[in-house]
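**Q** Okay, so the sequence shown: first residue is 624 according to the numbering used here, each after it adds one.
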Amino acid sequence: MKAICYQMINIIKLVRRLIDEEMRTAGVTRTGWQVLFWLRRLSSCTQKELLQHMDIDAAQLARVLEEREKKNYIVRSQQQGDRRCLVIEMTLHCQNNIMPQVERTIAKENAVLSKSLSPTEITKLQRLLTKLEKNLEE
Numbered sequence: 624m625k626a627i628c629y630q631m632i633n634i635i636k637l638v639r640r641l642i643d644e645e646m647r648t649a650g651v652t653r654t655g656w657q658v659l660f661w662l663r664r665l666s667s668c669t670q671k672e673l674l675q676h677m678d679i680d681a682a683q684l685a686r687v688l689e690e691r692e693k694k695n696y697i698v699r700s701q702q703q704g705d706r707r708c709l710v711i712e713m714t715l716h717c718q719n720n721i722m723p724q725v726e727r728t729i730a731k732e733n734a735v736l737s738k739s740l741s742p743t744e745i746t747k748l749q750r751l752l753t754k755l756e757k758n759l760e761e
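(1) For N719 and K731, what's the separation of their Cα atoms in angstroms?
(2) Mark I721 as exposed unless 16 or more other C-beta atoms lie within 10 angstroms of its C-beta, in which case mark it buried.
(3) Quick one: any contact between the segment 633–647 and the segment 678–691, if contact means 3 or more CB pairs under 8 Å?
(4) According to DSSP, which residues form a beta bridge with M713?
(5) Closest by CA to T648, which one among S739, C708, S737, Q724?
(6) For L740, I'd like the list of residues in its chain whose CB is within less than 8 Å of its CB, leaving aside the five on either flank, ordered along the chain.
(7) With a 10 Å radius around its C-beta and 16 neighbouring C-beta atoms as the bar for buried, classify S629 as buried or exposed.
(8) Please go through the same chain and pick out, in chain order, the residues whose beta-carbon is closer than 6 Å to the beta-carbon of D643, but skip the five residues on each side of it.
(9) Mapping DSSP to helix, strand and coil, what is T669?
(10) Contact check, Y696 vs C717 under 8 Å by CB: the rounded distance?
(11) Tell me the rounded alpha-carbon separation between L665 and I729.
(12) Kindly list the residues whose CB is nearer than 8 Å to the CB of V651, restricted to its own chain and excluding five residues on each side of it in sequence; keep chain order.
(13) Measuring straight from C-alpha to C-alpha, what distance separates L759 and T714?
Right under this line is the structure:
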């Protein structure tokens, strides 16, 4: 029997590769689309909060955020009461012009992942994945 963690690592690698290929046409790198994906899910957040969801170091995230800011994808502003803490938000430009491509790409990859699964199997898989997440969070 294969180890679950190795299967999951391989699936994640393959999904990332597919999304990378799709997003490359929009000029968005892996780290770039991941930042946008998490900002969409978190709404506005601090750099520290974003870093907790990403698999990169703080210096790399700072560089990516600077690039996204130059492209008018995000804005960073000081948090009230703490000048050292920056709040990151997605711009309307990004929401209207870049995120539709990110969302289409992720929907396309979800369709590829689930094409041989029935709705019942998808629901069961989601329940199992939620259990695995909880196991790791304990």
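Built from N, CA and C at the ideal position, the CB exists for glycine as well.
**A** On the basis of the data shown:
(1) 19 Å
(2) buried
(3) no
(4) I697
(5) Nearest option by C-alpha distance: Q724.
(6) Residues of the same chain with a CB within less than 8 Å of the CB of L740, apart from the 5 flanking positions on each side, are L748 in chain order.
(7) The question names Ser, but residue 629 is Tyr in the sequence shown. By the neighbour-count rule (16 or more Cβ atoms within 10 Å), Y629 is not buried but exposed.
(8) R653, listed in sequence order.
(9) Note: T669 maps to strand in three-state DSSP.
(10) 4 Å
(11) So the two alpha carbons sit approximately 17 Å from each other.
(12) Answer for V651: L659, I721, Q724, V725, listed in chain order.
(13) 33 Å
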